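Enquirer: Numbering (the numbering used here), first residue to last: 4 to 460. Glycine residues also receive a C-beta, built at the ideal position from the N, C-alpha and C atoms. Note that the structure is predicted; figures quoted are calculated from it, not measured. So that we are looking at the same thing, I have put the structure below in structure tokens.
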Ligand code: TRP
């Protein structure tokens with residue numbers, strides 16, 4: 004069996020990979036986006052479709068991506084290039100690595116802006132200024148933040164510096180050290196909040212909302228959104244899991260580990276949804292108000308609850324941690340590529356990449372107030388501004404197409420021998436099932452949902 008070595012180092016153990024990959028997967032996507040999408044698309048039916056997308060598309064591609072990374076042992080662009088050469092295939096496959104790297108940068112740019120909001124809200128909650136805030140009050144506090152480019156820029160800058168700081172210290176001293184501390188805290192915070200919501204919120208109604216399916220609300224746009232979100236939440240399609248796979252020790256089972264990561268990610272999303280909706284419903288607030296759900300709606304509820312400032316602050320602290328462990332994964336493909344390609348040191352690579360993402364983030368910030376416009380995509384729903392353009396461009400277009408390419412490459416271009424050598428268990432039922440899904444089900448599902456949403460079929 005042949006072996007390449009990563010020049011960036013390796014995770015010290017399987018557990019460290021699990022923490023890092025889960026840290027990448029669990030993020031604003033789970034706690035901010037998933038609940039507001041569920042609210043917007045009407046609850047249970049959306050959740051069900053999302054779970055199906057995870058099982059049939061997200062998890063098989065996650066396994067494939069980690070596998071490609073470990074086999075290539077380099078930044079995504081070079082891993083694509085090497086694996087394509089190994090398979091005697093066209094060198095253009097590396098363009099997928101490029102597209103992913105750029106998508107990662109775009110996601111990071113607006114991700115950091117939202118993470119900045121969570122920092123701002125952490126301070127507000129902790130200072131007690133949201134106690135007994137009224138609906139108008141919460142609305143105007145949110146609007147003030149979103150209409151104030153300078154304030155948003157300050158928070159965005161702080162968050163980007165936090166990201167660069169970690170990434171510049173490398174795989175073991177930076178990434179691994181960060182997740183070693185942040186992930187246990189993150190799980191502890193979530194647990195505290197679940198207990199709090201269970202005791203003070205309307206858990207039953209939240210459960211009903213999330214798991215009772217009303218299929219009449221399921222439009223083609225909702226399908227594509229659920230699919231896109233399955234990619235987004237597992238961090239697949241941009242090469243982040245590939246580069247994390249490149250640092251994975253050789254003996255670790257990729258399939259088992261990836262499934263565990265996906266399970267943890269799903270559990271966190273479902274628990275976060277239950278926490279948020281039970282608090283929102285206990286105060287008769289609306290679940291369907293979109294991206295403002297946790298910034299506008301939730302603070303009203305926390306403001307009226309016992310110990311609301313404290314638990315509200317814990318909630319936003321949780322968000323900051325999850326965003327932080329994801330942003331370091333978003334930037335890693337580009338940083339590792341710069342180190343390999345240009346032979347610059349990691350610190351410079353981290354700073355330059357961070358600056359590019361930071362500049363792109365300024366565009367998002369300005370689009371929220373100076374140039375707003377609306378458009379629709381995939382029928383029905385109205386979208387606003389550049390922020391939505393970037394979100395749709397990445398989660399609904401580049402990630403699914405990137406994932407499609409991964410499935411096609413692993414299923415049809417790489418030899419079955421190399422795939423099964425890397426994954427192990429080539430004769431097991433699990434492997435055969437996965438291989439079948441990756442070859443046939445995943446590509447067809449992604450294509451169908453995609454074409455349906457853009458109105459071709
Ligand atoms: N999974 C992250 C979340 O749920 C967001 C994300 C999407 C991501 N693609 C990524 C994170 C790539 C790291 C790397 O919030």
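1. Between which two residues does the alpha helix (DSSP H) holding residue 79 run?
2. Please determine whether the Cβ atom of residue 329 lies at a distance below 7 Å from any heavy atom of the ligand TRP.
3. Just checking residue 110 against the ligand TRP - is the residue's beta carbon closer than 7 Å to any of the ligand's heavy atoms?
4. Beta carbon of residue 215: closer than 7 Å to some heavy atom of the ligand TRP?
5. Could you tell me if residue 310 is buried or exposed, where buried requires 16 or more neighbouring beta carbons within 10 angstroms of its beta carbon?
6. Can you say whether residue 443 is buried or exposed, counting buried as having 16 or more other CB atoms within 10 angstroms of its CB?
7. Are the region 404–417 and the region 59–67 in contact at 8 Å, needing three or more beta carbon pairs?
8. Can you have a look at residue 383 and say buried or exposed, based on whether 16 or more other CB atoms are within 10 angstroms of its CB?
9. Which value, in whole angstroms, describes the spacing of the CA atoms of residue 367 and residue 343?
10. Do you know offhand how far residue 201's Cα is from residue 290's?
11. Check whether the Cβ atoms of residue 70 and residue 242 lie closer than 8 Å to each other.
12. Looking at the secondary structure, which residues open and close the alpha helix (DSSP H) in which residue 44 lies?
13. Could you spell out where the alpha helix (DSSP H) holding residue 336 opens and where it closes?
14. Tell me whether residue 36 is buried or exposed, calling it buried when 16 or more other Cβ atoms sit within 10 Å of its Cβ.
15. When you compare the region 17–36 with the region 251–271, are there three or more beta-carbon pairs, one atom per stretch, that lie closer than 8 Å?
16. For the ligand TRP, is there a heavy atom less than 7 Å away from the beta-carbon of residue 332?
17. Closer than 8 Å, CB to CB, is residue 209 near chain C or not?
18. Thinking C-alpha only, which one of 128, 130, 223 is nearest residue 457?
19. Please determine, among 128, 13, 68, 51, the residue with the shortest C-alpha to C-alpha distance to residue 408.
20. Determine the contact status of residue 21 and residue 170, defining contact as a CB-CB distance below 8 Å.
21. Does at least one heavy atom of the ligand TRP sit under 7 Å from the Cβ of residue 263?
22. Does any heavy atom of the ligand TRP sit closer than 7 Å to the C-beta of residue 177?
23. Report buried or exposed for residue 188, applying the criterion of at least 16 other Cβ atoms within 10 angstroms of its Cβ.
24. Helix, strand or coil for residue 396 per DSSP?
25. DSSP three-state call for residue 29: helix, strand or coil?
26. By how many angstroms is the C-alpha of residue 168 removed from the C-alpha of residue 34?
27. Is there contact between the region 214–228 and the region 296–307, where contact requires at least three CB pairs shorter than 8 Å?
28. Is the number of C-beta pairs between the region 83–98 and the region 120–134 that are closer than 8 Å three or more?
29. Have a look at residue 79 and residue 402 and give me their C-alpha separation to the nearest angstrom.
30. DSSP three-state label for residue 432, please.
31. Taking the beta carbon of residue 399 as the centre, do at least 16 other beta carbons fall within 10 Å, making it buried, or is it exposed?
32. Do residue 112 and residue 363 have their C-beta atoms closer together than 8 Å?
33. Which whole-angstrom value describes the C-beta separation of residue 280 and residue 38, a residue pair presumed to lie in contact below a C-beta threshold of 8 Å?
34. With contact counted as at least three CB pairs below 8 Å, one residue from each stretch, are the region 100–112 and the region 427–447 in contact?
35. Hey, out of 97, 76, 193, 10, whose CA is closest to residue 322's CA?
36. To which residues of the same chain is residue 328 closer than 6 Å at the C-beta, ignoring the five residues directly before and after it?
Expert: Once the coordinates are examined:
1. 79–89
2. Residue 329 Cβ: within cutoff of the ligand TRP.
3. yes
4. no
5. exposed
6. exposed
7. Enough Cβ pairs lie closer than 8 Å, so yes.
8. Here residue 383 scores only 44 on pLDDT, less than 50, and its place in the model should not be relied on; the value that follows carries that caveat. Classification for residue 383: exposed.
9. 30 Å
10. 18 Å
11. no
12. Premise fails: residue 44 is in no alpha helix (DSSP H) and is neither H nor E.
13. 311–345
14. buried
15. yes
16. yes
17. Annotation note: the requested chain C is absent from the structure, which comprises a single protein chain.
18. Among 128, 130, 223, the Cα nearest to that of residue 457 belongs to 223.
19. 68
20. The answer is no: Cβ separation not under 8 Å.
21. In this structure, residue 263 has its beta carbon at no less than 7 Å from each heavy atom of the ligand TRP.
22. no
23. exposed
24. helix
25. coil
26. 24 Å
27. no
28. no
29. 14 Å
30. DSSP places residue 432 within a helical segment (H, G or I) once states are collapsed to three.
31. The residue is buried, with at least 16 neighbouring Cβ atoms inside 10 Å.
32. yes
33. 7 Å
34. no
35. Among 97, 76, 193, 10, the Cα nearest to that of residue 322 belongs to 193.
36. 26, 182, 185
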